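Protein sequence lines, in the order shown, are assigned to chains F and Y.
As numbered in this note's numbering, residues 2 to 124 make up the first sequence, in order.
As numbered in this note's numbering, residues 225 to 608 make up the second sequence, in order.
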Amino acid sequence: MSRYFTEDHEWIDVDGEVGTVGITEYAQEQLGDIVFVEVPEEGKELAKGDDAAVVESVKAASDIYAPVSGTVLEGNSDLADEPALVNTSPEEDGWFFKLTLSDAEELEGLMDESAYQAFVSKL
Amino acid sequence: MMSEVPSENAEIEDEVIDTEAPLPLDAWHRARGARMVAFAGYAMPIQYEGIMAEHLWTREQAGLFDVSHMGQVLFTGEGAAQALEVMLPGEIQALKAGQMRYSLLLNEEGGILDDLMITRRADDLYMVVNGATKYDDIGTFRDELPDAVTINFLEDQALIALQGPKAVDALARIVPGVEALFFMQAAGFAWHETPLWISRSGYTGEDGFEISVPADAVVALVEAIAAQPEVKPIGLGARDSLRLEAGLPLYGHDLDENANPVIADLTFAIQKRRRAEGGFHGAETILHQLAEGAPSKRVGLTVAGRMPVREGAKLYQGDALVGTVTSGGFAPSVNAPIAMGYVTVNLAIAGTALEAEVRGKRVPVTVASMPFIPHRYHRKGAAK
């Protein structure tokens with residue numbers, strides 16, 4: 002399994018055709034206390050860059066974009082009861098949604114872990 | 225992510241370029257780990273450890289706020305109070321020394337240019353206005369007040385607030401005597417050699433104080449206050465959620481020139497003599513609406529579920545557009561989303577069920593009386 006990152010601070014774990022999407026530790030830290038997460042419904046078709054989910058902190062709502070194109074398999078239902086999982090475990094239990102990738106070549110435009118860390122260190 | 229959803233988020237980080245010189249506590253906030261954002265033309269701390277924790281700390285202990293972006297203005301000269309009453313619908317002439325009042329700066333039609341606090345002092349009237357509007361306000365005063373009234377913009381004074389049920393314990397240890405003030409009273413004090421002007425007031429719904437201090441002494445003063453065990457520094461984020469829970473409107477969001485004091489449900493700020501005599505901007509319309517009702521009214525809204533309803537969300541009753549949300553977010557002490565907005569007057573009754581539209585979806589909301597969290601002011605004559 003490989004993990005890729007976007008400049009918008011999403012991560013995607015790819016296992017075969019299935020990707021799991023969340024936001025990074027850096028992103029949750031920037032957002033602050035998360036009070037609500039809206040995840041996409043099963044079957045939703047997403048193109049790379051589409052608005053895929055919404056994360057709400059105390060002060061503002063922010064869009065989560067689809068890092069690659071695909072069809073949503075499921076949203077993380079745990080976030081409905083415990084949105085703060087995004088703060089406490091952004092890169093594991095606080096994942097947002099899983100999707101079936103429609104074009105694996107899109108992954109080539111994303112960053113790997115070391116490239117993302119270098120990107121964040123310059124912010 | 226990280227691009228905030230347009231039109232529903234403008235809660236805190238107003239799109240103002242950071243053009244002003246740093247405020248006197250700028251370095252102090254940064255050293256404390258604050259996240260700084262552009263607000264009212266300044267870099268201001270939005271949070272330190274987190275909005276939720278800071279909010280709850282203020283409700284239980286004491287929160288220290290830097291509000292030095294706000295404008296502090298002195299008015300002196302013969303007839304200053306009477307002249308101000310043309311623009312302010314409040315009873316200013318009868319204010320006694322050390323007494324303060326919430327008031328509104330009105331345009332010629334009675335629309336709200338700003339909301340403010342005005343205090344009678346021995347030799348002058350002291351006013352605190354909003355940071356984002358202070359230069360416009362001063363321009364309005366210069367244009368409209370007679371030459372006999374002198375306007376002195378106190379650019380070298382910082383302003384801090386200490387808010388919360390333990391604020392009095394913490395501040396009285398540093399400035400003995402402040403505990404004798406009641407809500408909406410103010411007096412001069414000295415801290416070592418530094419003159420302080422302290423009022424028992426604030427914008428969180430809690431007991432607390434606002435302290436005007438010379439900018440060159442403010443770092444030492446906040447060091448002394450922040451060293452008290454009850455006190456933590458609190459950012460603008462929690463200031464916003466605290467005032468929203470307290471039902472207090474924020475200028476530029478819940479109040480603007482389209483609202484007058486009746487529509488904004490701030491008629492408590494028009495005292496009896498002013499209602500009888502009028503003689504302020506927009507009095508004809510305002511007094512008529514006071515008697516007969518205004519077309520719309522500012523209300524509180526509770527929100528079903530967990531999804532925040534934010535500024536800009538439209539309010540519906542069935543298919544009819546009946547209002548707009550002007551502030552909204554997650555309320556840490558309520559532990560649910562709440563909002564404030566304007567609705568047509570026939571719906572401005574607690575319990576009225578409406579729907580807010582958020583990202584194309586309808587969310588049930590209910591008109592609620594405010595405040596959402598009871599005020600805990602230290603009022604004169606109130607049972608302790």
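Heads up, the beta-carbon is just placed ideally off N, CA and C, and yes, glycines get one too.
Note that the structure is a prediction, hence the values are computed from the model and not measured.
Item	Value
Can you find the residues in the same chain that come closer than 6 Å, C-beta to C-beta, to Y/I422, ignoring five residues on each side of it along the sequence?	V402, F413, F433, I435
List, in chain order, every chain Y residue whose beta-carbon is nearer than 8 Å to that of F/V73.	Near F/V73 there are no residues of chain Y at all, since even the closest Cβ is about 17 Å away, more than 8 Å.
Who pairs with F/D51 in a beta bridge, going by DSSP?	Its beta-bridge partners do not exist; DSSP assigns none.
Exposed or buried, Y/H416, counting other C-beta atoms within 10 Å across all chains shown (16 or more means buried)?	exposed
By the 10 Å Cβ neighbour count, where 16 or more other Cβ atoms means buried, how is Y/L405 classified, buried or exposed?	buried
Short of 9 Å Cβ to Cβ, which residues in the region 257-285 of chain Y face chain F?	R259, I270, Q271, G274, I275, M276, A277, H279
Do you know offhand how far Y/Y566's Cα is from Y/P269's?	29 Å
For my contact list, F/V73 and F/L100 are in at a C-beta cut-off of 8 Å; report their separation, rounded to the angstrom.	5 Å
On the DSSP bridge list, what partners appear for F/T101?	F/V19, F/T72
On the DSSP bridge assignment, give the partners of Y/P419 in chain order.	Y/A414
How would you list, in chain order, the residues of chain F whose beta-carbon sits under 9 Å from the beta-carbon of Y/F554?	D34, V36, F37, E57, S58, V59, K60
What residue range does the alpha helix (DSSP H) around Y/M276 cover?	275-284
Who are the neighbours of Y/R522 on chain F, taking C-beta pairs under 8 Å?	Within 8 Å Cβ-Cβ: nothing; Y/R522 doesn't reach chain F, min ~21 Å.
Here's a check: name, in chain order, each residue in its chain whose Cβ is nearer than 8 Å to the Cβ of Y/A497, leaving out the five neighbours to either side.	Note on identity: in this sequence residue 497 of chain Y is Arg, with Ala being the wrong assignment. Cβ neighbours of Y/R497 beyond the five flanking positions: E315, A318.
Just the C-alpha distance for Y/Y266 and Y/L247, rounded to the nearest angstrom, thanks.	7 Å
Count the other CB atoms within 10 Å of the CB of Y/E579; is the residue buried (16 or more) or exposed (fewer)?	buried
Here's a check: name, in chain order, each residue in its chain whose Cβ is nearer than 7 Å to the Cβ of F/V121, leaving out the five neighbours to either side.	Y27
How far does the beta strand (DSSP E) with Y/S435 in it extend, from its first residue to its last?	For the sequence presented, residue 435 of chain Y should be read as Ile rather than Ser. Segment 432-438, the beta strand (DSSP E) holding Y/I435.
Select from the region 516-544 of chain Y all residues with a C-beta closer than 7 Å to any C-beta belonging to chain F, and list them in chain order.	R530, M531, P532, R534
So who's on the other strand from Y/Y326, going by DSSP bridges?	Y/M341
Are there 16 or more other CB atoms within 10 angstroms of the CB of Y/L328, so buried, or fewer, so exposed?	buried
So Y/G461 contacts chain F; which residues on that side make the cut at Cβ distance below 8 Å?	G33, V59, K60
Return the residues of the region 573-590 of chain Y that lie within a Cβ-Cβ distance of less than 8 Å from chain F, sorted by chain order.	R583
Quick check: the Cα distance between Y/M225 and F/D9, rounded to an integer number of angstroms?	The predicted model places Y/M225 with a pLDDT of 48, which falls under 50 and marks its position as unreliable; any figure quoted below should be read in that light. Using only the alpha carbons, I get a separation of about 5 Å.
Kindly list, in the order they appear in chain F, the residues whose Cβ is closer than 8 Å to that of Y/S423.	Going along chain F, no residue has its Cβ under 8 Å from Y/S423, so there is no contact; the nearest lies around 28 Å.
Using a 10 Å radius around the Cβ and a threshold of 16 neighbouring Cβ atoms, would you call Y/R534 buried or exposed?	buried
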